[in-house]
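Q: Protein sequences, first through last, are from chains A and B. Residues 1 to 393 (my numbering) are what the first sequence spells out, left to right. Residues 1 to 293 (my numbering) are what the second sequence spells out, left to right. Glycine residues also receive a C-beta, built at the ideal position from the N, C-alpha and C atoms.
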Amino acid sequence: MKLHEYQAKELLARYGVLTPRGRMVEAPRDARRLAEELGAERFAVKAQIPAGGRGQSGGVALVTSPQAAATATQQLLGRRLVTNQTGSAGYAVDKVLVEEALEPSATLYLSLLIDTATASIVILAGPEGSGDIEERVRSGEAHVERLETGAGGEVPRKDIEALAERLGLSRDLQSAFTTLVGQLRTALIELDATLIEINPLAVTTTGELVALDAKMILDDNALFRHPDLNALRDDEDDDKIEMGAQDHQLNYVRLDGDIGIAVNGAGLGLATLDMVHAANGRPANFMDIRTTATSLDVAHGFAMLLENPSVRSILVNVHGGGMQPCDIIADGLGIAMRRTGRSCPTIVRLAGNNAEYARFRFKNFGCKVIDCPDMWTAVSRAVDAAQSAGARQ
Amino acid sequence: MSILIDADTRVICQGMTGRAGTHYSAAMIEYGTRVVGGVRPGKGGSRHLDLPVFDTVAQAMDETNANASMVFVPPDHAAAAMIEAIEAETPLIVALTERVPLHDMIRVRDALQETKTVLIGPNSQGILAPGLCKIGVMATGSARKGNVGIISRSASLTSEVVAQLSAAGLGQSTSVGIGGDPIHGLAMRDCFKLFLADPDTHGVVLVGEIGGREEEELAEFIAAENAGMPVVALIVGRHAPTRRRMGHSGAIIQDAVSSAEGKIRALADAGVSIAESPHLVGETMRRAMLVAA
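1) Across the region 217–229 of chain A and the region 182–192 of chain B, are there enough close Cβ pairs to call them in contact, namely three or more that are closer than 8 Å?
2) My assumption, with CB atoms under 8 Å, is that Leu-167 (chain A) sits in contact with Ala-125 (chain A). Please give the rounded CB distance.
3) So the candidates are A:Leu-201, A:Val-379 and A:Asp-228; which of them puts its Cα closest to the Cα of Thr-107 (chain A)?
4) Do we get a CB-CB distance below 8 Å when we pair Met-375 (chain A) with the residues of chain B?
5) I'd like the span of the beta strand (DSSP E) that includes Gly-332 (chain A), first residue to last.
6) Below 8 Å CB to CB, which residues in the same chain sit around Ala-391 (chain A) once its five sequence neighbours on both sides are set aside?
7) Does DSSP put Gln-429 (chain A) in a helix, in a strand, or in coil?
8) Does the pairing of the region 68–76 of chain A with the region 130–138 of chain A give three or more beta-carbon distances under 8 Å?
9) Taking the beta strand (DSSP E) that Gln-172 (chain B) belongs to, which residues open and close that run?
10) By how many angstroms is the C-alpha of Glu-242 (chain A) removed from the C-alpha of Gly-269 (chain A)?
11) Determine, for His-279 (chain B), whether the minimum Cβ-Cβ distance to residues of chain A falls below 8 Å.
12) Name the DSSP bridge partner or partners of Asn-251 (chain A)?
13) Give the straight-line distance between the Cα atoms of Ala-142 (chain A) and Thr-149 (chain A), rounded to the nearest whole angstrom.
14) Can you name the residues that DSSP bridges to Cys-133 (chain B)?
15) In chain B, which residues lie less than 9 Å from Arg-185 (chain A) when you measure between Cβ atoms?
16) Counting only C-beta atoms, is Glu-134 (chain A) closer than 8 Å to chain B at any point?
17) Does any residue of chain A bring its CB to less than 8 Å from the CB of Tyr-31 (chain B)?
18) Chain A partners of Leu-157 (chain B), CB-CB under 8 Å?
19) From the DSSP output, in three-state form, read off Arg-80 (chain A) for me.
20) With H, G and I counted as helix, E and B as strand and the rest as coil, what does DSSP make of Asp-374 (chain A)?
21) Does the Cβ-Cβ distance between His-239 (chain B) and Leu-273 (chain A) come in under 8 Å?
22) When DSSP labels each residue in this structure, what does Gly-260 (chain A) get in the three-state scheme?
23) Excluding the 5 residues flanking Leu-229 (chain A) on each side, which residues of the same chain have their C-beta closer than 7 Å to its C-beta?
24) For chain A, is any of its Cβ atoms less than 8 Å away from the one on Pro-182 (chain B)?
25) Hey, does Thr-107 (chain A) have any beta-carbon neighbour from chain B nearer than 8 Å?
26) Sorted by chain position, which residues of the same chain lie with C-beta nearer than 6 Å to Arg-189 (chain B)'s C-beta, five sequence neighbours on each side aside?
27) What runs of the alpha helix (DSSP H), each 4 residues or longer, lie entirely inside the region 181–263 of chain B?
28) What would DSSP say about Gly-149 (chain B), mapped onto helix, strand or coil?
29) Can you name the start and end residues of the alpha helix (DSSP H) that Arg-23 (chain A) belongs to?
30) Under a Cβ-count criterion, where at least 16 other Cβ atoms within 10 Å of its own Cβ denotes burial, should Glu-197 (chain A) be classed as buried or exposed?
31) Count the other CB atoms within 10 Å of the CB of Glu-63 (chain B); is the residue buried (16 or more) or exposed (fewer)?
32) What is the DSSP secondary structure of Ser-111 (chain A), counted as helix, strand or coil?
33) Following the continuous beta strand (DSSP E) through Thr-115 (chain B), name the residue where it begins and the one where it ends.
34) Run the CB neighbour count on Glu-41 (chain A), radius 10 Å, all protein chains shown included, and call it buried at 16 or more, exposed below.
35) Taking the alpha helix (DSSP H) that His-277 (chain A) belongs to, which residues open and close that run?
36) For Asp-76 (chain B), which of B:Val-53, B:Asn-67 and B:Pro-101 has the nearest alpha-carbon?
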């Protein structure tokens, strides 16, 4: 789960991390009131979307009066922000963060994250934090130091101090830096975060380290032990459909094609998408039915496909296992067709446990399915069916 | 022969008394696996599936002489269960639990260091040596005993690959689900080394997907060691839905973004035969074996 900047900053403040004074607002007049209350010379007005690249894409405004803060807020709210990290759809802005704008004497890049390749927590730090850090690292213009941690994410204090020295920090700042890394490490572990990135980290004229930005990603698989953090979820409509599907034991992602896809298993799902593309078809979605799904959960999934007006054919590619034989999938499709009153050319490929019984269930439900003996035949038939349905329209 | 398991493997199940644990333990016993007991804290001394249940892994190991443990414990206690089995010096742990938190897996990997335990998983479908032993949840109907090893990150695709191999007249020595999670136990490359050392494995199928760098590491190993073993790879995810990203660290930490194309190129350059489509794995392996012979 990706957090908004304001959420990440609120969480980090609990661990003692310094952040600029400010708050999230959802209306221009609240922005003005907050700016008046802050009484600063300059304010940062920042669109709250769970992605970076905002600075280069017009998502951050620096203003000098409460009225200008209100105007900037008005301009950001309701906009759809597309950055180099959001993909072409971007995110709709419905919250902004208004803060006192600091004038740092220098900036740093600092990040703590789980490196899955080494199964450890890694610290990345570099001089000159900025939005184009990746490009500058790639071109060799900027250098990011990497510090591995040991068991439990422990790093000897002297190693962090040495890192601070390599970053060119003064002795006073070295101590502040060491404290900050410790705070971030504790936050990363206690919050079950996979990433905390502070970019830029400001060195203020008064000799403090202040997080001007904060990005945090929480491990979805650990949210069961953080009900308070789970409540921070602020999904877009598309994501809400995906989260609703999760409640039905379905991994669902909407795509923009016309072939509805149902598989059981993520790998089989990726394989099916690859084959549909190879056959010049366009998937309308990715849907992986988890082993724990009941026939009613499966019905929820098929109903999503049947109710999607873009879907012109449905491809079911399943391998029945012990806990989820093929007939559960068949029942799900039958229930969904009865519930929605809709049908669609449906091409199935059934293998593994209870494939024969599933065919019998299809008959009982009155589902007319095109039964194919292997994956490639099924994929080709589904692509043909979608194309001829498209040609008729 | 087989790798990791054989007809003499004695298995206990951590979490045997739960719904899934019961179902799959019973299926394993029916397949012929020597399941010798279960572990469920608080239920020690009772019997389940006509087998003794113990409070701890250490007790179970002592009393049953087990040499493998299957972990079927829900995500909130899965890491603790794995660490308990590591501390009890269980030679082989097969963790099937899905959705184990990443920070927990860091602790498990820390606990594994400097031990002789081999951890398979988590989020693995298990290990199958057809006709000899099954530890896991896979269907066995289409599996045949033979000489092809399988290393896989995907349970569902393994079933598909097994069916294709058997249909092509190629049985399997062992099929290993190394686990679908980013942090797991036995690495792809180390699993391959076990197959290389097994005289009865004459070819290996690799089932990989986007994410991580294990396919690239295996490719480096094969290129350097020039294994001489026919290897076929199926890499899926060329057209996976693109995920929106956040922050720069992920890109900074990996030299190259690990795409399906990058993995395919690395493996092909190392001399691995690439299955051009998921339905062509059996046929590609049959040809690779003919060329090798």
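A: With the structure as the only source:
1) Cβ pair count under 8 Å is below three, so no.
2) 6 Å between Cβ atoms; contact.
3) For Thr-107 (chain A), the nearest C-alpha among the options comes from A:Leu-201.
4) It does: the Cβ of Met-375 (chain A) has a partner Cβ on chain B nearer than 8 Å.
5) Premise fails: Gly-332 (chain A) lies in the alpha helix (DSSP H), 326–340, not in any beta strand (DSSP E).
6) Correct list: empty, nothing qualifies.
7) This structure leaves residue 429 (chain A) out entirely; chain A is present only between 1 and 393.
8) No, they do not touch.
9) It spans 172–177 - the beta strand (DSSP E) in which Gln-172 (chain B) sits, taken as one unbroken run.
10) When rounded, the separation of the alpha-carbon atoms in Gly-269 (chain A) and Glu-242 (chain A) is 16 Å.
11) It does; some Cβ of chain A falls within 8 Å.
12) For Asn-251 (chain A), the pairing in a beta bridge is given by DSSP as A:Asp-288.
13) Each residue's alpha carbon lies about 23 Å from the other.
14) Partner(s): B:Ala-129.
15) For the C-beta of Arg-185 (chain A), not a single chain B residue is nearer than 9 Å; the gap to the nearest is close to 12 Å.
16) Yes, Glu-134 (chain A) counts as interfacial toward chain B.
17) No, Tyr-31 (chain B) does not count as interfacial toward chain A.
18) The answer, in chain order, is Gly-265, Gly-267, Leu-268 and Ala-271.
19) In the structure shown, the three-state DSSP call for Arg-80 (chain A) is strand.
20) Coil.
21) Against a cut-off of 8 Å, the Cβ pair of Leu-273 (chain A) and His-239 (chain B) comes out as a contact.
22) Look at Gly-260 (chain A) here: in three-state DSSP terms it is strand.
23) Excluding sequence neighbours, Leu-229 (chain A) sits near Leu-191, Leu-218 and Leu-223.
24) At least one chain A Cβ lies under 8 Å of Pro-182 (chain B).
25) Output row for Thr-107 (chain A): interface = no.
26) Short of 6 Å from the beta carbon of Arg-189 (chain B), and not among the five residues preceding or following it, lie these beta carbons of its own chain, in chain order: Glu-217, Leu-218 and Phe-221.
27) As summarised for the region 181–263 of chain B, the continuous alpha helix (DSSP H) elements at least 4 residues long and confined to that stretch are 188–196, 214–225 and 249–253, given in chain order.
28) Reduced to three states, the DSSP call for Gly-149 (chain B) is strand.
29) Run containing Arg-23 (chain A): none in the alpha helix (DSSP H); it sits in the beta strand (DSSP E), 22–25.
30) Classification of Glu-197 (chain A): buried, given that the 10 Å Cβ count is 16 or more.
31) Classified as exposed, Glu-63 (chain B) has fewer than 16 neighbouring CB atoms from the shown chains inside 10 Å of its CB.
32) Note: Ser-111 (chain A) maps to strand in three-state DSSP.
33) Here Thr-115 (chain B) belongs to no beta strand (DSSP E), and DSSP marks it neither H nor E.
34) Exposed, by the Cβ-count rule.
35) It spans 266–278 - the alpha helix (DSSP H) in which His-277 (chain A) sits, taken as one unbroken run.
36) Ranking B:Val-53, B:Asn-67 and B:Pro-101 by Cα distance to Asp-76 (chain B) puts B:Pro-101 first.
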